[in-house]
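2 protein chains.
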Amino acid sequence: MLPNRGVALDSFRKPAFVKRMRDAKPNKEKSPKKPAAADRPVGVRRPDAARIPGASVHTSLASEIGLRIVRGDYPPGTILPNEAKWSETFSVSRSAVREAIKMLMAKSLLASRPKIGSWVEPKERWNLLDRDVLAWYATSPDREVFLKTVQEFRHIIEPEATAFAAMRRTDEQMAEISQACREMGEAASLQERTRADTRFHLAILRASGNDLLVPLGVLIESAFDHLFTYTTRAVDDLNHAQKLHEAIEKNIRLQRPDAARAAVRKLLANTDGVIRSR
Amino acid sequence: MLPNRGVALDSFRKPAFVKRMRDAKPNKEKSPKKPAAADRPVGVRRPDAARIPGASVHTSLASEIGLRIVRGDYPPGTILPNEAKWSETFSVSRSAVREAIKMLMAKSLLASRPKIGSWVEPKERWNLLDRDVLAWYATSPDREVFLKTVQEFRHIIEPEATAFAAMRRTDEQMAEISQACREMGEAASLQERTRADTRFHLAILRASGNDLLVPLGVLIESAFDHLFTYTTRAVDDLNHAQKLHEAIEKNIRLQRPDAARAAVRKLLANTDGVIRSR
DNA sequence: TTTATGTGTATTGTCAGACAATATTGCTTT
DNA sequence: AAAGCAATATTGTCTGACAATACACATAAA
């Protein structure tokens, strides 16, 4: 019943690579500390921690720890502070810590064993295509590099996905694509436009008929997220981009895979230009 | 600090789409039941559940529940039995159930709210490229379809990844690739060979210089996992496949992106043939 | 009747404290 | 010096309690 981790080869071994960095403190002593615990009444429960208003404790905790790991505070192989320590640091219960850690384990950022502790997994195991991990990852290096990586990935994926969509889309899927495209053109605000843009590309992925392509949508969302600041408001550019989108829509509608692929390549090249020129 | 879920557009709403299927029972009444609780002494703790010897309780639980979800026992939108129910069903503590559920939430299979319960997320949110989810997914439909999907994905990814590897690989990365290729040729058993084969392809992904390509290695692993049964033992085929691999290795070594890409396409076509002919 | 308001209640969220399982570490004995 | 053994630290698991939340229903007001 247990999923077959990796290939048959069960060369599973003790975490021999873990560096014994006991009671490891974060690398960079930027010390997140409590960013001024001012307007907080004394004696109240749950004093510090990176509490986020709307979110549950374990979710916030997972975000905080996950971010630190991805950011490189605890390099792969190091042993994290133990559960009691986290519990104390953030003034939360051990259960909350455990649930947070379980979330990070599910994303393959961590693994743990009794008497050893929890250590950071090697980077190539990280599930970088996970929404959260990607978001954390996006904050660490300068945006430039991240955006370039994502954009490169889009070049690999989207042309082919679109070609498949042109071959296999259902009428219903086509309707979604067309509507998103139309709404892009009619959008009043830039935000609304970006929204429709995202829907457009996600709909194409769904229409590709390959289930495995769908989860890559997070990359596109992330790209638009970070592209937003770059986006030019020049009307000419917007019109041009709109035409490129419409070309894609048309070729999918007419079921022309090759033309659709080419159209996507053009759009991506255009986006590349926007990034480069900034 | 909280990762920006999706694009800016916070059209976050109450789970309006959840079907109110209270105390939902699994769809298919295949009733996994306890598959004969024979050789188990009476009165012992933790009687049934899908306990897996080596694994922790919450991990086993997550596997069991995750498999059921992916398999379609609880379609997207349905509300799962509550924590107490699971706890009772599997005779484990509520904490264990919660930790398991947190793992599934981290993979976006579930979400939950107080007073509502936990519901299955829409399929397009599932993190299908996660190791575990992929493994569960691989068990559900017939292998044919799954393999075809994965293979199609490889056609999209690997040629481009290899071209990048040819351009950007370091000497160290090249050494890994070459060694894996060599070990493929020298492998004594089929299993050993598959092992090296996997390493070969993963090394190429790593050498591509695009961090986002690395996590896709799980797909390759999964492919080989399921391809294993198909693998022919005919010496001619093995020799042929080996030559194709060596061609790839050579073109990466000589830094010829286009030739490398073409070589990978050939190899994939060959693999396609193996699948089709079976 | 329709709309607002409050009240009950089921479910997850959080906490606290205990014990079990496990593997490292150092000590003891042969 | 080698082998076995005990001490110990850390995660794993269980139990029981209370808080927070938002649906559902009854009740009251317009």
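So the sequences go chain by chain: A and B. Residues 1133 to 1410 in the working numbering are what the first sequence spells out, letter by letter. Residues 1133 to 1410 in the working numbering are what the second sequence spells out, letter by letter. Built from N, CA and C at the ideal position, the CB exists for glycine as well.
{"query": "Reference C1313 (chain A); option with closest CA among A:F1222, A:N1383, A:D1274", "result": "A:N1383"}
{"query": "Integer Cβ distance of I1233 (chain B) from L1242 (chain B), believed to fall under 8 Å", "result": "6 Å"}
{"query": "Residues of its chain near G1204 (chain A), where Cβ-Cβ distance is below 6 Å and the 5 sequence neighbours each way are ignored", "result": "none"}
{"query": "Nearest residue (CA-CA) to E1304 (chain B), options B:A1335, B:V1282, B:V1277, B:E1315", "result": "B:A1335"}
{"query": "Per-residue contacts from M1235 (chain A) into chain B (C-beta, under 8 Å)", "result": "K1234, M1235, M1237, A1238"}
{"query": "Length of the line joining the Cα atoms of L1337 (chain A) and A1392 (chain A)", "result": "13 Å"}
{"query": "Meets three-Cβ-pair contact criterion under 8 Å: the segment 1340-1356 of chain A and the segment 1282-1301 of chain A", "result": "yes"}
{"query": "Span separating the alpha-carbon of K1398 (chain B) from that of S1409 (chain B)", "result": "16 Å"}
{"query": "DSSP bridge partner residues for I1288 (chain B) (one or two, in chain order)", "result": "Bridge partners of I1288 (chain B): none, in fact."}
{"query": "Beta-carbon proximity of S1223 (chain B) to S1227 (chain A), cut-off 8 Å", "result": "no"}
{"query": "Three-state secondary structure assigned by DSSP to W1258 (chain B)", "result": "coil"}
{"query": "Presumed contact (8 Å Cβ cut-off) between A1379 (chain A) and R1286 (chain A), rounded CB distance", "result": "The Cβ separation is near 17 Å, so there is no contact."}
{"query": "Neighbouring residues, chain A, relative to F1285 (chain B) (Cβ below 8 Å)", "result": "N1342, L1344, L1345"}
{"query": "Identity of the residues DSSP links to I1197 (chain B) by a beta bridge", "result": "Note: I1197 (chain B) sits in no beta bridge, so no partner."}
{"query": "Pair within 8 Å by beta-carbon distance, I1289 (chain A) and I1407 (chain B)", "result": "no"}
{"query": "Backbone secondary structure at A1395 (chain B) - three-state DSSP", "result": "helix"}
{"query": "DSSP three-state assignment for G1204 (chain A), whether helix, strand or coil", "result": "coil"}
{"query": "Near-chain B residues of the segment 1285-1302 of chain A (beta-carbon distance less than 7 Å), N- to C-terminal order", "result": "F1285, I1288, I1289, E1292"}
{"query": "Residues of the segment 1303-1327 of chain B with Cβ closer than 7 Å to any Cβ of chain A, in chain order", "result": "Q1323, T1326, R1327"}
{"query": "V1277 (chain B) (DSSP reduced to helix, strand or coil)", "result": "helix"}
{"query": "Burial state of F1332 (chain B) (16 or more Cβ within 10 Å)", "result": "buried"}
{"query": "Endpoints, the alpha helix (DSSP H) within which V1224 (chain B) is located", "result": "Here V1224 (chain B) belongs to no alpha helix (DSSP H), and DSSP marks it neither H nor E."}
{"query": "Y1362 (chain A) versus L1344 (chain B) - alpha carbon distance", "result": "22 Å"}
{"query": "7 Å Cβ cut-off: residues of chain B touching H1190 (chain A)", "result": "K1234"}
{"query": "Contacting residues, own chain, Cβ-Cβ under 8 Å from L1261 (chain A) (five flanking each side not counted)", "result": "P1347, L1348, V1350, L1351"}
{"query": "Status (buried if at least 16 other CB within 10 Å, exposed otherwise) for S1163 (chain A)", "result": "Any reading at S1163 (chain A) needs caution, since the residue's pLDDT is 35, under 50, leaving its predicted position unreliable; the model's value is listed next. S1163 (chain A) comes out exposed."}
{"query": "DSSP bridge partner residues for W1251 (chain B) (one or two, in chain order)", "result": "B:I1211, B:A1243"}
{"query": "Alpha carbon of I1211 (chain B) to alpha carbon of E1231 (chain A), nearest angstrom", "result": "21 Å"}
{"query": "For R1388 (chain A), the first and last residue of its enclosing alpha helix (DSSP H)", "result": "Counting along the chain, R1388 (chain A) falls outside any alpha helix (DSSP H), and DSSP gives it neither H nor E."}
{"query": "Element boundaries [alpha helix (DSSP H), containing V1350 (chain B)]", "result": "1349-1359"}
{"query": "Environment of F1360 (chain B) [buried if 16+ CB atoms lie within 10 Å]", "result": "exposed"}
{"query": "Spatially closest choice to T1330 (chain A) from A:A1216, A:M1316, A:R1301, A:E1276, by CA coordinates", "result": "A:M1316"}
{"query": "Min CB distance A1262 (chain A) to chain B below 8 Å", "result": "Reading off the sequence, residue 1262 (chain A) comes out as Asp, not Ala. Yes, because at least one Cβ of chain B sits closer than 8 Å to the Cβ of D1262 (chain A)."}
{"query": "DSSP state of N1402 (chain B) mapped onto helix, strand, coil", "result": "helix"}
{"query": "Within chain B, the residues that R1275 (chain A) reaches when beta carbons sit closer than 7 Å", "result": "Ordered by position in chain B, no residue passes the 7 Å Cβ test against R1275 (chain A), which lies about 13 Å from the chain."}
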